[in-house]
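Going by the working numbering, the sequence shown opens with residue 2, and the numbers climb by one from there.
Ideal Cβ positions, reconstructed from N, Cα and C, are used throughout, including at glycine.
Everything numeric in this text was worked out from a predicted model, so none of it was measured.
Quick notes on the structure that follows.
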Amino acid sequence: VSKKEASNLIGETGTVLTDLRPAGTIKIGNKRFDAVTAGEYILKGASIIVVAEEGSKIVVEEKS
Numbered sequence: 002v003s004k005k006e007a008s009n010l011i012g013e014t015g016t017v018l019t020d021l022r023p024a025g026t027i028k029i030g031n032k033r034f035d036a037v038t039a040g041e042y043i044l045k046g047a048s049i050i051v052v053a054e055e056g057s058k059i060v061v062e063e064k065s
């Protein structure tokens, strides 16, 4: 994912496709992205929100 695309995702919500431990795959809309968490483990199927982009990394948190 290019940096421009990742920065456009901040604030977007999606679903975890593979367990994030802390890296894995998420889905936002119809697109899949590689993502990481801030360190917490997020299970497959959980709802997430994109909170930051660090270089080419998409950083997510579990949505409460």
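CB-CB length for residue i against residue j, believed under 8 Å
{"i": "residue 21", "j": "residue 50", "result": "Actually they are not in contact, since the Cβ atoms of residue 21 and residue 50 sit about 13 Å apart, beyond 8 Å."}
Residue i versus residue j - alpha carbon distance
{"i": "residue 5", "j": "residue 12", "result": "Low confidence applies to residue 5: its pLDDT is 48, below 50, so where it sits in the model is not reliable, and the reading given next is rough at best. The alpha-carbon atoms of residue 5 and residue 12 are separated by roughly 14 Å."}
{"i": "residue 63", "j": "residue 17", "result": "9 Å"}
{"i": "residue 31", "j": "residue 25", "result": "17 Å"}
{"i": "residue 15", "j": "residue 48", "result": "6 Å"}
{"i": "residue 19", "j": "residue 9", "result": "22 Å"}
{"i": "residue 56", "j": "residue 41", "result": "20 Å"}
{"i": "residue 38", "j": "residue 23", "result": "5 Å"}
Residue i in three-state terms, based on DSSP
{"i": "residue 64", "result": "coil"}
Query raised in the report: Taking the runs of the beta strand (DSSP E) that are 3 residues or longer, which of them lie wholly in the stretch 2 to 60?
Result: Complete beta strand (DSSP E) runs here, min 3: 14 to 17, 24 to 29, 32 to 38, 48 to 55.
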